[in-house]
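Under our numbering, the first residue of the sequence shown is numbered 16, with each subsequent residue one higher.
A quick write-up on the structure given underneath.
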Amino acid sequence: MIKMAKKWQKLTSVRKQISLQRRNGDIAYTDSSSSTTSSRAEKGHFVVYTIDQTRFVFPIVYLSNHIFRELFKMSEEEFGLPRDGPIMLPCDAVFMNYVVFLIKRRVTKDMEKALLMSMATSQCSRCHSLFQEESSQHVLLRGF
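The following block contains the structure:
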């Protein structure tokens, strides 16, 4: 999996990419409205795009995370291995930010398993609506 991600990273460095980045800890992301371009991620990082064309730059250590491994498998199944373009994950930026949030909070194995099962039973793009429903329920519960 790490070899495949490194290969994808090399392939993406050939193509011009969006680079105006917002830093969120060690994660950088760019929305699709940005117009500046760059061709590489910083050393020790890899680049992925979501289906809504948002660019994320993650540290290489994220490649060992089970959630990321599943996202890469789903990407390969849905889009195949990229030959001349970026790694595209089959989810949107909102869901990807949720994944990052969970990883940073070091969620329990049970929560990670639940997310992996929801990803396996539905496509990531549909996970976005699941995430929105769960978020609104959490907000209501926190209000009490």
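Cβ atoms here follow ideal geometry from the backbone N, Cα and C, with glycine treated the same way.
Owing to the predicted nature of the structure, the values given are computational and were not obtained by experimental measurement.
Exercise. Run through DSSP, which three-state label would cysteine 136 get?
Worked result: It should be noted that the sequence gives threonine, not cysteine, for residue 136. Reduced to three states, the DSSP call for threonine 136 is helix.
Problem set entry | Complete alpha helix (DSSP H) runs within the region 86 to 131 (minimum length 4 residues, chain order) | Correct list: 108 to 119.
For this session: Mind checking which residues open and close the beta strand (DSSP E) that includes threonine 65?
Result: Threonine 65 -> beta strand (DSSP E) spans 60 to 65.
For this session: Using the Cα positions of proline 101 and threonine 123, report the straight-line distance between them to the nearest angstrom.
Result: Cα-Cα distance, rounded: 31 Å.
For this session: Could you check which residue in Ala56, Gly59, Val72 has the C-alpha nearest to that of leucine 104?
Result: Val72
Exercise. Between which two residues does the beta strand (DSSP E) containing valine 72 stretch?
Worked result: 70 to 74
Exercise. If you drop the 5 nearest sequence neighbours on each side, which residues of the same chain put their C-beta closer than 8 Å to that of glutamate 127?
Worked result: Taken in chain order, the residues that qualify are His81, Ile82, Leu117.
Problem set entry | Nonlocal neighbours in the same chain, by C-beta distance under 8 Å from threonine 65, ignoring five residues either side | Cβ neighbours of threonine 65 within its own chain (closer than 8 Å, five residues either side excluded): Phe71, Met103, Leu104, Cys106, Asp107, Ala108, Phe110, Met111.
For this session: Consult DSSP for arginine 55 and reduce its assignment to one of helix, strand or coil.
Result: Of the three classes helix, strand and coil, the one that applies to arginine 55 here is coil, per DSSP.
Problem set entry | Short Cβ contact (8 Å threshold) for glutamate 92 with leucine 131 | No, Cβ-Cβ distance for glutamate 92 and leucine 131 is not below 8 Å.
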